[in-house]
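All residue numbers for the sequence shown refer to the working numbering, where the first residue is 3 and numbers rise by one.
All C-beta atoms, glycine included, are put in the ideal place defined by N, C-alpha and C.
Given the structure is predicted, the values throughout are model-derived calculations rather than measurements.
Remarks on the structure that follows.
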Amino acid sequence: MTALISLIIIFTLSVLITKIATEALVHTGLSKQSAKFQARSAFTGVGFTTSEAEHIVNHPVRRRIIMSLMLIGNVGIISAIASLMLTFVDSSNSFMDNALRLGIIAASLITLWLLSKSKWVNKILVKLIKKALKKFTNLKIRDYVELLDLTGEYEIIVIDVSEDDWMASKKVNTLQLWEEGINLIGIKRDDGNYIGTPQPETKITAGDQLVLYGRINTLKNLEKRKQDLQGDQEHDKAVQEQSREKEKQQQQDRNTE
Numbered sequence: 003m004t005a006l007i008s009l010i011i012i013f014t015l016s017v018l019i020t021k022i023a024t025e026a027l028v029h030t031g032l033s034k035q036s037a038k039f040q041a042r043s044a045f046t047g048v049g050f051t052t053s054e055a056e057h058i059v060n061h062p063v064r065r066r067i068i069m070s071l072m073l074i075g076n077v078g079i080i081s082a083i084a085s086l087m088l089t090f091v092d093s094s095n096s097f098m099d100n101a102l103r104l105g106i107i108a109a110s111l112i113t114l115w116l117l118s119k120s121k122w123v124n125k126i127l128v129k130l131i132k133k134a135l136k137k138f139t140n141l142k143i144r145d146y147v148e149l150l151d152l153t154g155e156y157e158i159i160v161i162d163v164s165e166d167d168w169m170a171s172k173k174v175n176t177l178q179l180w181e182e183g184i185n186l187i188g189i190k191r192d193d194g195n196y197i198g199t200p201q202p203e204t205k206i207t208a209g210d211q212l213v214l215y216g217r218i219n220t221l222k223n224l225e226k227r228k229q230d231l232q233g234d235q236e237h238d239k240a241v242q243e244q245s246r247e248k249e250k251q252q253q254q255d256r257n258t259e
């Protein structure tokens, strides 16, 4: 029974450790999904090779978090396997004893899974983890999702520009993306150079990666827009929708005064 309890504790700690690592990575600027994926990959030792992994290796704080996860993950997995084997190696155990142990393990895993999916538990954990990270680490705690209001219909995306895209070979001031309610945060050139807060005269070229902030539907429309008459019409339509949205917001502001 001691081995079984140890196994359950290891499972619980594993979930908690990956949760802490995920929040720590989020506060270095990674998105929630990317942080969760990288934390689980490092903890289990899977080691997926992605462009996100390169961003982690090149970032000193993220690299320390991932290295710690790898070390803890190896110890945790080995301990879990050892505890699992000890749980069932006793030849004196009857079939019913082994079935009971399997049932306890299954019930524990299901309970952990349900708790990890609970929004209420997640909210409490995130709050505690933030306080702990702020108190015991040198991480600059910045909730980018909250900071940029990435909730509801707003988000940040990266768009790859092709030769036939509506934005290709045009200057920023010609695109007038702000009239659609879209902010161009930065441009990553094909040669690796990055342009932050692009100027009006900056030209968009094929191969660029644009970092954009705005409403989800508008961003998705822009991503599919091509250099033709329909593309210009879609731009005009998006401008009109943004104008109506702006009027609606102004009306709400007047009502609250």
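Euclidean distance between Cα positions of residue i and residue j
i, j, result
"Glu-182", "Ile-22", "38 angstroms"
"Phe-45", "Val-160", "28 angstroms"
"Leu-15", "Arg-66", "19 angstroms"
"Glu-203", "Ala-41", "40 angstroms"
"Thr-176", "Ala-240", "15 angstroms"
"Phe-13", "Thr-30", "26 angstroms"
"Trp-168", "Thr-113", "50 angstroms"
"Asp-192", "Glu-165", "13 angstroms"
"Val-213", "Gln-253", "30 angstroms"
"Met-72", "Pro-200", "39 angstroms"
"Thr-220", "Ile-184", "8 angstroms"
"Asn-195", "Ile-74", "36 angstroms"
"Glu-249", "Val-28", "35 angstroms"
"Asn-223", "Met-98", "60 angstroms"
"Asp-238", "Gln-244", "10 angstroms"
"Ile-228", "Gly-198", "One detail in the question is off: residue 228 reads as Lys in this sequence, not Ile. Taking the straight line from one Cα to the other gives about 25 angstroms."
"Lys-119", "Val-174", "43 angstroms"
"Gln-178", "Asp-255", "25 angstroms"
"Leu-104", "Ala-26", "34 angstroms"
Secondary structure of residue i, DSSP reduced to three states
i, result
"Lys-222", "helix"
"Leu-32", "coil"
"Val-160", "strand"
"Val-128", "helix"
"Glu-243", "helix"
"Asn-257", "helix"
"Ser-120", "coil"
"Gly-75", "helix"
"Gly-47", "coil"
"Glu-25", "helix"
"Glu-249", "helix"
Residue i, buried or exposed, once every other Cβ within 10 Å from all chains shown has been counted against 16
i, result
"Trp-115", "exposed"
"Ile-218", "exposed"
"Ile-126", "exposed"
"Pro-62", "exposed"
"Ala-108", "exposed"
"Leu-231", "exposed"
"Val-48", "exposed"
"Ala-101", "exposed"
"Arg-246", "exposed"
"Thr-258", "exposed"
"Ala-37", "buried"
"Arg-64", "buried"
"Ala-134", "exposed"
"Leu-32", "buried"
Closest Cα partner of residue i within the set the options
i, options, result
"Ile-187", "Gly-216, Glu-243, Phe-39, Leu-73", "Gly-216"
"Leu-18", "Lys-248, Asn-60, Ile-131", "Ile-131"
"Gln-211", "Gln-244, Gln-235, Val-163, Ser-245", "Val-163"
"Lys-34", "Asn-124, Leu-117, Ser-70", "Asn-124"
"Ser-43", "Ser-70, Pro-62, Thr-30, Asn-60", "Ser-70"
"Ile-11", "Ile-158, Lys-119, Ile-106, Leu-73", "Ile-106"
"Lys-172", "Asp-234, Ala-108, Glu-247", "Asp-234"
"Ala-170", "Gln-178, Ala-208, Lys-133", "Ala-208"
"Lys-190", "Lys-205, Ala-134, Gln-178", "Lys-205"
"Thr-20", "Leu-32, Ile-68, Ile-58", "Ile-68"
"Trp-180", "Ser-110, Glu-25, Gln-242", "Gln-242"
"Ile-158", "Phe-39, Glu-236, Ile-58, Glu-225", "Glu-225"
Test: residue i CB closer than 8 angstroms to a CB of chain D
i, result
"Ile-126", "In the structure shown, chain D does not exist; there is a single protein chain."
Item to complete: Write down every uninterrupted run of the alpha helix (DSSP H) in the stretch 165 to 241 whose length is 4 residues or greater and which is fully enclosed by it, in chain order.
Response: 174 to 177, 218 to 226
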